[in-house]
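Below: the structure, in structure tokens.
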Amino acid sequence: MKENGTRDYLTRIRRELHRYPEPGWLEYRTSLLIAEELSRIGCDKIYVGAEVTKGDSRMGLPSDKDLTEHFREVKKLTDNPLLNKMEGGFTGVIGELDLGEGPVIALRFDIDALKVTESDKPGHKPFAEGFVSENPGVMHACGHDCHGAIGLGVARRLHEIKDSLRGKIRFIFQPAEEGCRGAASIVAKGWLEDVDYCIACHVEPVSDYDGVEIEPGGPEVFGSATTKYDAEYFGVSSHAGGAPEEGRNALLAAANAVLGLYGIPRNSRGYTRINVGTLISGSGRNVIPDHAVMELEVRGETEELNSYMRENAERILKSSGDMYGVGLSLRKVGEGHPMTNDRELRLLCAETSRELGFSCYDPDEIRSTSGTAEDFGDMMKRVQEQGGKALYFKLRYPSEYSLHNSCMDVDEEVMVKAVRVFCHMVQKLCKESQ
Numbered sequence: 027m028k029e030n031g032t033r034d035y036l037t038r039i040r041r042e043l044h045r046y047p048e049p050g051w052l053e054y055r056t057s058l059l060i061a062e063e064l065s066r067i068g069c070d071k072i073y074v075g076a077e078v079t080k081g082d083s084r085m086g087l088p089s090d091k092d093l094t095e096h097f098r099e100v101k102k103l104t105d106n107p108l109l110n111k112m113e114g115g116f117t118g119v120i121g122e123l124d125l126g127e128g129p130v131i132a133l134r135f136d137i138d139a140l141k142v143t144e145s146d147k148p149g150h151k152p153f154a155e156g157f158v159s160e161n162p163g164v165m166h167a168c169g170h171d172c173h174g175a176i177g178l179g180v181a182r183r184l185h186e187i188k189d190s191l192r193g194k195i196r197f198i199f200q201p202a203e204e205g206c207r208g209a210a211s212i213v214a215k216g217w218l219e220d221v222d223y224c225i226a227c228h229v230e231p232v233s234d235y236d237g238v239e240i241e242p243g244g245p246e247v248f249g250s251a252t253t254k255y256d257a258e259y260f261g262v263s264s265h266a267g268g269a270p271e272e273g274r275n276a277l278l279a280a281a282n283a284v285l286g287l288y289g290i291p292r293n294s295r296g297y298t299r300i301n302v303g304t305l306i307s308g309s310g311r312n313v314i315p316d317h318a319v320m321e322l323e324v325r326g327e328t329e330e331l332n333s334y335m336r337e338n339a340e341r342i343l344k345s346s347g348d349m350y351g352v353g354l355s356l357r358k359v360g361e362g363h364p365m366t367n368d369r370e371l372r373l374l375c376a377e378t379s380r381e382l383g384f385s386c387y388d389p390d391e392i393r394s395t396s397g398t399a400e401d402f403g404d405m406m407k408r409v410q411e412q413g414g415k416a417l418y419f420k421l422r423y424p425s426e427y428s429l430h431n432s433c434m435d436v437d438e439e440v441m442v443k444a445v446r447v448f449c450h451m452v453q454k455l456c457k458e459s460q
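If you read the sequence shown in my numbering, its first letter stands for residue 27, the second for the next number, and so on.
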């Protein structure tokens, strides 16, 4: 596959995915496109639906109403029977190239979008060039459209050179990465049990870009451990003027909890984070609110520090409900683990990048630890527990806008670089095993 052909293919797929973004567990159209492309490419096996994820291990599922309505909308567009296997939020796709004896190499690509309304500014490239999101209130603001395209580009190229490879190459197109909700269900399904090497990447817009294209990670732990919660308070409504003593104010309990959560002391053993992202409550100025819903998360540099934040958050949420006489329903809707890149694969990524002519950070350089969280950590942890190796690397490019921004866009050239780096690493791993 010539480089121009690669670029054209990646751009076409990425822009199709960008136009029709879907949030976690609703990636029906996205998953179907990926499955159809893997079939065209010639993957030996393609898995969809409940073959990909363990149903009761999926976290943070949308409402039954949202799952059903979006499924019906997508079903109007196609009669492909594969879609029926995805009903109920069983999204995601796994493809395999089975090339005989050799290492099992898993490559992870996340595919979900965010609930962000995309910019319609004339200077925003997707808007200017006609591939802006057509799903109101949803956009690919974290580059997962590019990740999906990269995965298909890698599968396409590796299929072309399969006679020079050995082992099993597993392409994992993961749903619901945002909120750290999806990886655990793929791990629970057993897809990482036989894996020798597991690799993922992320596009990375950088405002103070220093010209370095590839970040292979360093010896430090990358990313946070995190736990995501939905908290609901249930009180009693009453007239705020006529009978205030009869009410039990759910909003007051939630507001008190927010103040308490932000008051959790920092920890000398490393960085910690707390964020309340949404708080919805109330029906009118003269009605004591009987219901409040809060979305929040905690993070910690280590599992221990995340536990510290989690235990304090749960205590504060419960005591705030008790203080105002309202009930609490607390639901864990996402969870992620810190990531540690194995040195063998850090060195391989750096060596491969430089051989291809891409600038790369020193894989043994200690760099600032990121406060971000990524549920690829679940996959890394399982592979490493079994003696396998794992890597999470970044593809950097200059940009005024950060991830999760309504104006976020990607330099599409990074997709070509990513395909080349992935494919050359796979070739080296296969060759080393001979």
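The C-beta atom is built at its ideal place from N, Cα and C for all residues, glycine as well. The structure presented is a predicted model; accordingly, all values stated were derived computationally and were not measured.
Remark: three or more beta-carbon pairs, one from each stretch, lie closer than 8 Å, so the stretch 205 to 221 and the stretch 130 to 141 are flagged as touching. Fewer than three Cβ pairs drawn from the stretch 175 to 190 and the stretch 109 to 118 lie within less than 8 Å of each other, which leaves the two stretches out of contact. At the C-beta level, L371 and H450 stay beyond 8 Å of one another. Cβ-Cβ distances below 7 Å link M441 to L36, R40, C172, A175, I176, G179 in the same chain, with the five nearest sequence neighbours on each side left out; the list follows chain order. Within the same chain, Cβ atoms closer than 8 Å to the Cβ of E160 are found at R45, Y46, the five residues on either side in sequence being excluded. A416: member of the beta strand (DSSP E) spanning 415 to 424, first to last residue. Nearest Cα to S250 within the set D189, L140, H363, N338: H363. By the neighbour-count criterion, in which a residue is buried when 16 or more other Cβ atoms sit within 10 angstroms of its Cβ, K215 is buried. Taking C-alpha positions only, E327 is separated from D256 by approximately 22 Å. Residue pairing by DSSP places F157 in no beta bridge whatsoever.
For L87, there is no enclosing beta strand (DSSP E), since its DSSP letter is neither H nor E. Leaving aside the five residues that flank V213 on each side, the residues in its chain whose CB is nearer than 7 Å to its CB run, in chain order, D404, M405, R408. In this structure, the alpha-carbon of K101 lies about 28 Å from that of G360.
Looking at G205, P242, I314, the one whose alpha-carbon comes closest to that of Y259 is I314. The same chain holds no residue with a CB closer than 7 Å to that of E411 once the five nearest residues on each side in sequence are set aside. Taking a 10 Å sphere around the C-beta of D435, we find 16 or more other C-beta atoms and assign the residue as buried. For G273, the closest of G156, R183, H317 by C-alpha to C-alpha distance is H317. Between Y387 and L278 a beta carbon distance of about 49 Å is seen, past the 8 Å cut, so the two are scored as non-contacting. Between K443 and E239, the beta carbon gap of about 7 Å places them in contact (Cβ cut-off 8 Å). Apart from the 5 residues on each side of it in sequence, S145 sits with its Cβ closer than 6 Å to the Cβ of S432, C433 in its chain, given in chain order. Residue pairing by DSSP places F260 opposite H317, G353 in a beta bridge. Comparing C-alpha distances from I198 to each of R422, G75, S428, E48 shows the shortest one belongs to G75.
Distances from the CA of V262 to each of I195, C375, R357, S307 were compared; the closest alpha carbon is that of S307.
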